[in-house]
Amino acid sequence: QNAVTDLNVMWGLTDIQSWTEWEFGGLPWEVPQLMRDHSPLTFVSRVQTPTLILHAANDRRCPLPMGRMFYRALKSAGVETQMVIYPDEGHPIKQLPHQEDVLRRVLDWFAKHDVKE
12 QNAVTDLNVM WGLTDIQSWT EWEFGGLPWE VPQLMRDHSP LTFVSRVQTP TLILHAANDR
72 RCPLPMGRMF YRALKSAGVE TQMVIYPDEG HPIKQLPHQE DVLRRVLDWF AKHDVKE
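93 is the number that this note's numbering gives to position 82 of the sequence shown; each next residue is one higher, with no gaps.
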């Protein structure tokens, strides 16, 4: 939930730009290949696993546009995906009804996509 999916977008929108700069040793235009190489969005064409995206509407750490971009990219690539946006939540999803919903959705998702060999 609330995952980093594109480091360039994160750097531009997050409230912790310095983390991205520290973690990757520079600004996005100084280390563009490194940023791309560590961004899941770069590798969407390789994704085959059904993907559940759970995101908080008001997350300033991992802003919602990243989740929306990843969702749209997965859909465009033909990957089974679902996105749920929790209103009035920040980086951690704190409200008990939302936490319960997250757990239920994750369990249901795994039950639906459990592959028996």
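The beta carbon of each residue, even a glycine, is placed where N, CA and C say it ideally should be.
Can you grab the Cα-Cα spacing for the pair residue i / residue j, in whole Å?
i	j	result
residue 117	residue 65	9 Å
residue 125	residue 41	42 Å
residue 83	residue 103	23 Å
residue 38	residue 78	22 Å
residue 92	residue 76	16 Å
residue 113	residue 80	20 Å
residue 99	residue 106	9 Å
residue 110	residue 122	18 Å
residue 97	residue 68	6 Å
residue 50	residue 101	22 Å
Nearest CA to the CA of residue i: which residue from the options?
i	options	result
residue 13	70, 39, 20 and 89	70
residue 56	74, 85 and 98	85
residue 26	18, 78 and 73	73
residue 94	111, 61, 123 and 103	61
residue 63	35, 24 and 90	90
residue 43	22, 68, 108 and 29	22
residue 87	54, 119, 49 and 30	54
In the DSSP assignment, what are the bridge partners of residue i?
i	result
residue 27	Partner(s): none; residue 27 has no beta bridge.
residue 63	93
Between which two residues does the beta strand (DSSP E) holding residue i run?
i	result
residue 38	Element bounds for residue 38: n/a, residue is neither H nor E.
Tell me where the alpha helix (DSSP H) around residue i begins and ends.
i	result
residue 111	107-124
residue 48	43-48
residue 85	75-87
Just checking my contact of residue i with residue j at CB under 8 Å: how many whole Å lie between their CB atoms?
i	j	result
residue 52	residue 17	4 Å
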